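Read the sequence shown against the working numbering and you will find it ends at 1594, with the numbers running on by one and no gaps.
By construction, the Cβ of each residue, glycine as well, lies at the ideal position given by its N, Cα and C atoms.
In this text, all values refer to a predicted model and were calculated from it rather than measured experimentally.
Here is the structure we will look at.
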Amino acid sequence: MKDTLNRQALWTDEAVNKVRFQAGMKLRVLLLLLALCMLQFFWGLGRAPFYTRGESREGLVVWEMYKTGNWTLPMINGDYIPYKPPLFHWAGVLTSIVTGKVNEFTIRFPSALFAILGVVLVYAAGTRLWNEKTGRFAAFVLATNPEWWHSGTMAQVDMTLTFFMTAALLLFYFMYKEGNHHRLYCVGLALLLAFAALAKGPLGSILPLLIFLVFLGLRRDFAFLKKLHLFSAAVVFLVVAGSWYALALWQGGPTFFIRQIIEENLGTAVGDYGHHQPDYYFVPVFFLNLEPWSYFSPLIAFYVYRRRRELFQNHLLFPSVWLVTVFLFFSLALGKRGVYILPLFPAFALLFGAWWGSLDKEDLPYSRWLTSAAGYLLAASVLFVVVRIAFLIESHGAQHQRIFLLTKNPRALNDVLGFLTPPSVSVWICLVLFGAAALLILLSLPQKKWDGVFVGFACMAIGTTLFLKIAYYPTIATKRTLKPFAVRVGENLDPQARLLFYHGLDYGTIFYSRRHIASYSPEIQELEAPVFLLMWEEDWQRIRDRNDLKMLDISEGRGPVGKHRLVLIESPGETPISDPTTFSPLKRGDAVDSDGE
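Okay, here's the thing in structure tokens:
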């Protein structure tokens, strides 16, 4: 009897120790994950100035809210209705109030915060659906993905939208899986959908609802909808999201409806405002934006296909529906941008985690063989590229070599290649990290040490992000930003001086000069002297000999598309007569670079 009690006590102690070990492991992983995220998203967050049209535009909305106190529908430049709902901007204003100033850091802070919270959500979901190991893999895939980092450090609404969509989708699935349709959860789901709608318009709620319906259709269980307390949920949704739309419509009138509902949502869907791309556009974008993890997409698809008869039981059905629905939804729309498919990234990370966590099982020999082959090929390719770049930098100068045969942005590539010569310490760190990652993969694959392989790919992804953070984007920002020029304009001109954009406008100049700048109109014939004009250099070259004009300053940066410098002109008398051939590089709907919207 005593021996039995001793054995039971021993088993109890072992069980308690095991639980403590697992809890400690989860805590260590979570702390490591948070440390990585802090490094990825908050380190240098406000260092680069705004240089894209999109960041400057959203930053200007935050500045208008902060300055005027109008949190409902602030007018950009005093007369221009924003294109996006205000949830992202509210978060930016709150951050600015806490810090006491509006700058790049406070405006980008919401994106970084929601990116980190999205990683934590994926870790928690993967752990609960499968196990801690799967949650760990999924979270690190998402955290180290270069596009997730890019969107999480930009002053744009897409990461805010993605976080609330992800939270709503995961809450719905757990409610369905566990049969828990308590009114409180239904109200919480409606609240998350309302926040998603306040992040980027009706799309934020329509797309998750579409995913719900597709999933329930495959499950043949539309009856579940009757259990969701739809009336209470609808009331909450309308109160939270509908109240802002009602106030904005009351304040902005038909112009608001046309701008945010017709132009921004329907116009984008039918491709009226640029970004008109073919149906297959997101196929290469998917692989580029999710690299290196996307290279294993065929293996993940094979893994899911082999379990097609038990997808729901293995928790693979819902993330698969989530990923495919988002991909097809935006592929069918005529207007396309790479960031549009950001909401499918958490689903991909969950599927990747589930697949990678199964590689050490004995029933997947074919998948393991393919994984090894893909890993060897990828690691060898990366190692070759690293050696080649290092050789060019050391021997001949990278700016004279075409290292990459394919690039979506040749001008940006040339700028970056110039940055690589002479190589800085940070560049060598990136190269060493890439090389070490490739070697770790090559050494771990023969022994089937999948954790080592995963760490190698994670280091490769982190190296990519590090290169983008310290080399690519700062170089492009320096070449394009109008910040130094706009700051000089704001400081040197009297606040009461009449300053006009001759043709077109630039959001970044308005933001950094901290003043409203009206647009020149042909109806304006005479203004009280002096009149100051901002115009693109091409316009200045056309009219410089026609009038008694004086150039006061010219920008160092070449604007959002990297081609055009901005000039400050003083006119002692009449403003210039409008030239019908005047150049204007930035108008709504003009094609811009992939990161320029």
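message: Between the segment 1188-1207 and the segment 1164-1171, can you find at least three pairs of beta-carbon atoms closer than 8 Å?
response: Per the Cβ contact rule, the segment 1164-1171 is in contact with the segment 1188-1207 (3 or more Cβ pairs under 8 Å).
query: What does DSSP give as the partner residues of Asp1550 in its beta bridges?
result: Working through the sequence shown from its first residue, we reach residue 1550 at position 553. Looking at the DSSP output, Asp1550 shares a beta bridge with Leu1565.
- prompt: Excluding sequence positions up to five away, which residues of its chain have a Cβ less than 8 Å from the Cβ of Asn1262?
  reply: Mapped onto the sequence shown, residue 1262 falls at position 265. Result list for Asn1262: Gly1198, Pro1199 and Leu1200, in chain order.
- request: Count the CB pairs spanning the segment 1502-1509 and the segment 1477-1491 that are closer than 8 Å, and state whether there are at least three.
  value: Short answer: they touch.
task: Return the CA-CA distance between Gln1248 and Thr1069, expressed in angstroms with no decimal places.
output: Along the sequence shown, read from residue 1 onward, the residue named residue 1248 stands at position 251. Along the sequence shown, read from residue 1 onward, the residue named residue 1069 stands at position 72. Put simply, the backbone Cα of Gln1248 is about 8 Å away from that of Thr1069.
- prompt: Taking all protein chains shown into account, do 16 or more other C-beta atoms lie within 10 angstroms of the C-beta of Ile1473, making it buried, or fewer, making it exposed?
  reply: In the sequence shown, counting from the first residue as 1, residue 1473 sits at position 476. Taking every protein chain shown into account, the CB of Ile1473 has 16 or more other CB atoms within 10 angstroms, so this residue is buried.
query: Hey, Ala1346 and Leu1029 are a contact pair by Cβ (cut 8 Å); roughly how many whole angstroms apart?
result: If you number the sequence shown from 1, residue 1346 lands on position 349. If you number the sequence shown from 1, residue 1029 lands on position 32. The beta-carbon distance between Ala1346 and Leu1029, rounded to whole angstroms, is 17 Å. This is too long to meet the 8 Å contact definition.
- prompt: Thinking just about the alpha-carbon of each residue, which of Leu1031, Asp1276, Gly1239 and Phe1342 is nearest to the one in Trp1290?
  reply: Within the sequence shown, the letter at position 293 stands for residue 1290. Cα-wise, what sits closest to Trp1290 is Phe1342.
message: Just to confirm before moving on: does the CB-CB distance between Leu1057 and Ile1078 stay below 8 Å?
response: Locating residue 1057 in the sequence shown gives position 60, counting from the first residue. Locating residue 1078 in the sequence shown gives position 81, counting from the first residue. In this structure, Ile1078 does not lie closer than 8 Å to Leu1057 by Cβ.
query: Along the chain, where does the alpha helix (DSSP H) that runs through Leu1325 open and close?
result: Here residue 1325 is taken as the residue at index 328 of the sequence shown, counted from 1. For Leu1325, the uninterrupted alpha helix (DSSP H) segment begins and ends at Leu1314 to Leu1329.
message: The beta strand (DSSP E) that contains Phe1498, what's its start and end?
response: In the sequence shown, counting from the first residue as 1, residue 1498 sits at position 501. Following the DSSP letters along the chain, one finds Phe1498 inside the beta strand (DSSP E) bounded by residues Arg1495 to Phe1498.
field: As assigned by DSSP and simplified to three states, the class of Ile1203
entry: The residue labelled residue 1203 in the question sits at position 206 within the sequence shown. Of the three classes helix, strand and coil, the one that applies to Ile1203 here is helix, per DSSP.
task: Compute the Euclidean distance between the alpha carbons of Ser1294 and Leu1027, then round it to the nearest angstrom.
output: Walking along the sequence shown from the start, residue 1294 turns up at place 297. Walking along the sequence shown from the start, residue 1027 turns up at place 30. As the crow flies, the alpha-carbon of Ser1294 is around 26 Å from that of Leu1027.
Met1532 - containing beta strand (DSSP E), residue span: For this step, residue 1532 is matched to residue 535 along the sequence shown. Per DSSP, the unbroken beta strand (DSSP E) holding Met1532 starts and ends at Val1528 to Trp1533.
- prompt: With a cut-off of 8 Å, do at least 3 Cβ pairs link the segment 1049-1067 to the segment 1098-1111?
  reply: Yes, the segment 1049-1067 is in contact with the segment 1098-1111.
- request: Return yes when the Cβ of Cys1034 is within less than 8 Å of the Cβ of Val1116, no when it is not.
  value: Indexing the sequence shown from 1 puts residue 1116 at position 119. Indexing the sequence shown from 1 puts residue 1034 at position 37. Contact: yes.
- request: Look at Arg1216 and Phe1309 and say whether their C-beta atoms are less than 8 Å apart.
  value: Locating residue 1216 in the sequence shown gives position 219, counting from the first residue. Locating residue 1309 in the sequence shown gives position 312, counting from the first residue. It is a contact, given that the beta carbons lie within the stated cut-off.
Residues bridged to Ala1515 [DSSP beta-bridge criterion]: By 1-based counting over the sequence shown, the position of residue 1515 is 518. Answer by DSSP bridge pairing, in chain order: Leu1497.
message: Assuming Leu1471 and Ala1045 are in contact, meaning their beta carbons sit under 8 Å apart, how far apart are those beta carbons, in whole angstroms?
response: As a working mapping, residue 1471 is identified with position 474 in the sequence shown. As a working mapping, residue 1045 is identified with position 48 in the sequence shown. One point to set straight first is that residue 1471 is Pro, not Leu, in the sequence displayed. So it is a contact: roughly 6 Å between Cβ atoms.
query: Based on the DSSP secondary-structure assignment, which residues constitute the bridge partners of Tyr1077?
result: As a first step, residue 1077 is located in the sequence shown; it is residue number 80 there, counting from the start. BP columns for Tyr1077 point to Ile1073.
query: Once you ignore the five residues that flank Arg1105 on each side, which residues in its own chain have a CB closer than 7 Å to its CB?
result: Position 108 of the sequence shown, counted from the first residue, corresponds to residue 1105. Same-chain partners within the cutoff: Leu1042, Gly1043, Thr1150, Met1151 and Ala1152.
- prompt: What do you get for Trp1425, buried or exposed, if any count of 16 or more other CB atoms within 10 angstroms of its CB means buried?
  reply: Within the sequence shown, residue 1425 is the residue found at index 428, counting from 1. Label assigned to Trp1425: exposed.
- prompt: Expressed to the nearest angstrom, what Euclidean distance is found between the alpha-carbon atoms of Asn1128 and Ile1514?
  reply: Numbered from 1 along the sequence shown, position 131 holds the residue referred to as residue 1128. Numbered from 1 along the sequence shown, position 517 holds the residue referred to as residue 1514. Spanning the alpha carbons of Asn1128 and Ile1514 requires a straight line of approximately 56 Å.
Unbroken alpha helix (DSSP H) run spanning Asp1155, endpoints: If you number the sequence shown from 1, residue 1155 lands on position 158. Residues Asp1155 to Glu1175.
- request: Can you grab the Cα-Cα spacing for the pair Asp1545 / Pro1569, in whole Å?
  value: Mapped onto the sequence shown, residue 1545 falls at position 548. Mapped onto the sequence shown, residue 1569 falls at position 572. The alpha-carbon atoms of Asp1545 and Pro1569 are separated by roughly 7 Å.
Helix, strand or coil at His1273 according to DSSP, with G and I counted as helix: As a first step, residue 1273 must be located in the sequence shown, where it is residue number 276. Note: His1273 maps to strand in three-state DSSP.
message: Check for me: the alpha helix (DSSP H) holding Val1095 runs from which residue to which?
response: Here the question's residue 1095 lines up with position 98 in the sequence shown. Start and end: Leu1084 to Thr1096.
- prompt: Hey, quick one: how far does the alpha helix (DSSP H) through Met1062 stretch, first residue to last?
  reply: Counting from 1 along the sequence shown, the entry for residue 1062 is found at position 65. Boundaries of the alpha helix (DSSP H) harbouring Met1062: Arg1050 to Thr1065, taken from the DSSP string.
field: Residue interval of the alpha helix (DSSP H) (run including Ala1121)
entry: Working through the sequence shown from its first residue, we reach residue 1121 at position 124. Glu1101 to Leu1126 is the extent of the alpha helix (DSSP H) around Ala1121.
message: Quick check on Gly1185: does DSSP put it in helix, strand or coil?
response: For the purposes of this step, residue 1185 is identified with residue 188 of the sequence shown, where counting begins at 1. Gly1185: helix per DSSP, three-state reduction.
- prompt: If you draw a straight line from the C-alpha of Gly1097 to the C-alpha of Glu1175, how long is it?
  reply: On the sequence shown, residue 1097 is found 100 positions in, with the first residue counted as 1. On the sequence shown, residue 1175 is found 178 positions in, with the first residue counted as 1. Using only the alpha carbons, I get a separation of about 45 Å.
message: Taking 7 Å as the limit between beta carbons, can you name the residues of its chain near Ala1238, skipping five residues before and five after?
response: Numbered from its first residue, the sequence shown carries residue 1238 at position 241. So the qualifying residues of the chain are Ala1191, Ala1194 and Leu1195.
query: From Ser1202 to Thr1157, what distance separates their C-alpha atoms?
result: For the purposes of this step, residue 1202 is taken as the residue at position 205 of the sequence shown. For the purposes of this step, residue 1157 is taken as the residue at position 160 of the sequence shown. When rounded, the distance between both Cα atoms is 13 Å.
- prompt: Which residues in the same chain have their Cβ closer than 8 Å to the Cβ of Ile1258, if we skip the five residues on either side of it in sequence?
  reply: What you label residue 1258 is simply residue 261 of the sequence shown in a count that begins at 1. For Ile1258, the CB contacts under 8 Å within the same chain, skipping 5 residues up- and downstream, are Gly1198 and Pro1199 in chain order.
query: What is the C-beta distance between Trp1146 and Thr1462, in whole angstroms, given that I count them as a contact (C-beta under 8 Å)?
result: Against the sequence shown, residue 1146 aligns to sequence position 149. Against the sequence shown, residue 1462 aligns to sequence position 465. Right, their Cβ atoms sit about 5 Å apart.
task: Using beta-carbon positions only, say whether Leu1531 and Leu1563 come within less than 8 Å of one another.
output: Locating residue 1531 in the sequence shown gives position 534, where the first residue counts as 1. Locating residue 1563 in the sequence shown gives position 566, where the first residue counts as 1. Cβ distance < 8 Å, so Leu1531 and Leu1563 count as in contact.
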